[in-house]
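Participant:
Numbering (the numbering used here), first residue to last: 342 to 935.
#1: How would you write the range of the alpha helix (DSSP H) that residue 817 sits in, first residue to last?
#2: Hey, is the stretch 431–444 in contact with the stretch 483–491, meaning 3+ C-beta pairs nearer than 8 Å?
#3: Roughly how many angstroms lie between the CA atoms of residue 785 and residue 480, to the nearest whole one?
#4: How far does the alpha helix (DSSP H) with residue 627 in it reach, from first residue to last?
#5: Hey, quick one: how far does the alpha helix (DSSP H) through residue 610 stretch, first residue to last?
#6: Residue range of the beta strand (DSSP E) that residue 351 falls in?
#7: Run through the DSSP bridge pairs and tell me what residue 823 is partnered with.
#8: Provide the residue span of the alpha helix (DSSP H) that contains residue 570, from first to last.
#9: Could you pull the start and end residues of the alpha helix (DSSP H) that residue 697 belongs to?
#10: Among 679, 653, 609 and 683, whose alpha-carbon lies nearest the alpha-carbon of residue 644?
#11: Is it right to say residue 674 is buried, meaning 16 or more other beta carbons lie within 10 angstroms of its own, or is it exposed?
#12: Closer than 7 Å by C-beta to residue 619: which residues in its own chain qualify, once you throw out the five before and the five after it? Chain order, please.
#13: In whole angstroms, what is the alpha-carbon distance linking residue 976 and residue 792?
#14: Mind checking which residues open and close the alpha helix (DSSP H) that includes residue 513?
#15: Could you please give the first and the last residue of the uninterrupted alpha helix (DSSP H) stretch that includes residue 462?
#16: Considering only the beta carbon of each residue, do residue 364 and residue 696 sit closer than 8 Å?
#17: Relative to the alpha-carbon of residue 593, which residue among 578, 601 and 606 has its alpha-carbon at the smallest distance?
#18: Which residue wins for smallest C-alpha separation from residue 657, given the options 678, 472 and 608?
#19: What is the DSSP secondary structure of residue 597, reduced to helix, strand or coil?
#20: Would residue 552 and residue 517 be called neighbours here (beta carbons separated by less than 8 Å)?
#21: Just checking my contact of residue 787 with residue 762 at CB under 8 Å: how many whole Å lie between their CB atoms?
#22: Starting from the Cα of residue 617, find the closest Cα among 573, 740 and 649 and give me that residue.
#23: Quick check: the stretch 740–757 against the stretch 659–675, are at least 3 beta-carbon pairs closer than 8 Å?
#24: Please report the straight-line C-alpha distance between residue 514 and residue 642, rounded to a whole angstrom.
#25: Tell me whether residue 426 sits in a helix, a strand or coil according to DSSP, three-state version.
#26: Can you find the residues in the same chain that come closer than 8 Å, C-beta to C-beta, to residue 568, ignoring five residues on each side of it along the sequence?
#27: To the nearest angstrom, report how far apart residue 503 and residue 572 are at their CA atoms.
#28: Which residues in the same chain have their Cβ closer than 7 Å to the Cβ of residue 544, if we skip the five residues on either side of it in sequence?
#29: Return the CA-CA distance between residue 390 and residue 369, expressed in angstroms with no decimal places.
#30: In terms of alpha-carbon separation, which member of 493, 366, 472 and 442 lies closest to residue 429?
#31: Evaluate residue 630 with the Cβ neighbour count: other Cβ atoms within 10 Å of its Cβ, from every protein chain shown; 16 or more gives buried, anything less gives exposed.
#32: On a Cα-Cα basis, can you pick out the residue from 772, 829 and 828 that is closest to residue 816?
#33: What's the C-alpha gap between residue 599 and residue 689?
#34: With 16 as the cutoff for other CB atoms within 10 Å, does residue 694 come out buried or exposed?
#35: Of the residues 765, 738 and 691, which one's Cα is nearest the Cα of residue 355?
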């Protein structure tokens, strides 16, 4: 039992979703007449923001709903076959192989099918392999989350952990794979900190096992086993890189130490191309001190230029690029992975500029109210390159929502991947932050934010989805009560087959609605949705800027207007461009009731 002195202290860095939420909270709650001073390069406590947006459960991790198998003598000794039918287990496995398997194909599909059959029809005299047993249970747990039997997830997960407890300090390929599977499950369940910890364990084991080095093949080693070893490391490396970027924490793996050959998997090669850009963004945008915003912009532009090859690599892996409408089945799952990760990498790379422009807009409003203030002495014209940087954030946010809304209509497999709630929430908060500082963009921003909430409303209830919906609705109502999303009658009962068929009556176009469908004025939220429930969205090709302003392509010449912190009168380092949070509470008393 934890003692009262045992505190949970969690750090989430500047790229974390919580950091932007805290920035939104501070700006929403600030008194325009007497603004509180912002922390100067400090780590800030995030409790009030978490409470307002009902995100405390995600910050600390949603609690497990499974019984404690270790304390139940009646349960812990029973084999899986005693409490889960083979038919249901096979349903879970097929769902896993159709969805999350795309991000962790470290073993063949035949392997998982054989292990499941072995679990239910064990061979006489053959002792089951503990590591393989754990892997198949974790696969079943992940697969169950996309079905109506999702409550089995935590039960299977806890059983997998219990069965592999003897391997906690064992270092080999299988235990690295187990850590990777655990991390994926925990992310789907809204437990990012747990996922991060298990990835850290797996990273140490991967290095200890030498998976990061290309070793001479042994006489008894097949080409398949060599490729499995490489694939395991590189899929692990990608996920570790992405999740650390997602949480704003340093990665445990560095390419400087890696000599293992790239795998032949074309899908994985696209992910590794993204990982390289993610690492650059984490190191060069968020990990450096910058003298000026223009210097940061040039780095960000270089990173986004590096991603120009993403479309070509995606075509090699899937047969089509970013402009393809959402596809059905497993292909659509793989497509959505590459689309959402691509847009979100660019969004996070440029997000600091959106924060700075918002602060600038806020200061300009103050100067208009108080001409004698220091803010009145600052530049008043926002440079074109800064508008371009912000447009990249907003366009990637809307493109993410656009793709996921379309995918929800044509692909049930995509819709039930719960991690997509993170992409929706992060994109919506970026749009909201811009709206908060310039309400003239309400007619173009609100349809996208409402579409994001609509998407989440079509997904099975429960966290992390419900917390995301609550946070988004709260921020809209705090800004203006009329901004709240109101679901149409047809989408109140959203979890069922008839809902999917009704959405299918509205074909999805990758080019978005025509110009005639762009709302010119802010309509009541329910009028922005057609009868079938699919949101009417603005033209995706239109830059989301005040007054429909187009952003010209900006060069990188030396004649561009530069901005330093002294120019703006800001007394904080540009290296602290976004908020970082640390929060602690007493587990014995638990978080406040919300």
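The C-beta atom is built at its ideal place from N, Cα and C for all residues, glycine as well. As the structure is a prediction and not an experimental result, all values here were calculated from the model.
Facilitator: The short version:
#1: 806–820
#2: yes
#3: 41 Å
#4: Unbroken run through residue 627: none, as it is neither H nor E.
#5: 607–621
#6: 351–353
#7: DSSP lists no partner for residue 823.
#8: 564–588
#9: 670–710
#10: 683
#11: buried
#12: 582, 583, 586 and 686
#13: There is no way to answer for residue 976, as the model of the chain reaches only from 342 to 935.
#14: Per DSSP, residue 513 belongs to no alpha helix (DSSP H) and is neither H nor E.
#15: Per DSSP, residue 462 belongs to no alpha helix (DSSP H) and is neither H nor E.
#16: yes
#17: 578
#18: 608
#19: helix
#20: yes
#21: That pair is no contact at about 19 Å.
#22: 649
#23: yes
#24: 38 Å
#25: coil
#26: 604 and 605
#27: 26 Å
#28: 581, 593 and 594
#29: A caution first: residue 390 carries a pLDDT of 45, below 50, which makes its placement in the model unreliable, though a value can still be read off. If you take the alpha carbons of residue 390 and residue 369, they lie about 10 Å apart.
#30: 493
#31: exposed
#32: 772
#33: 26 Å
#34: buried
#35: 691
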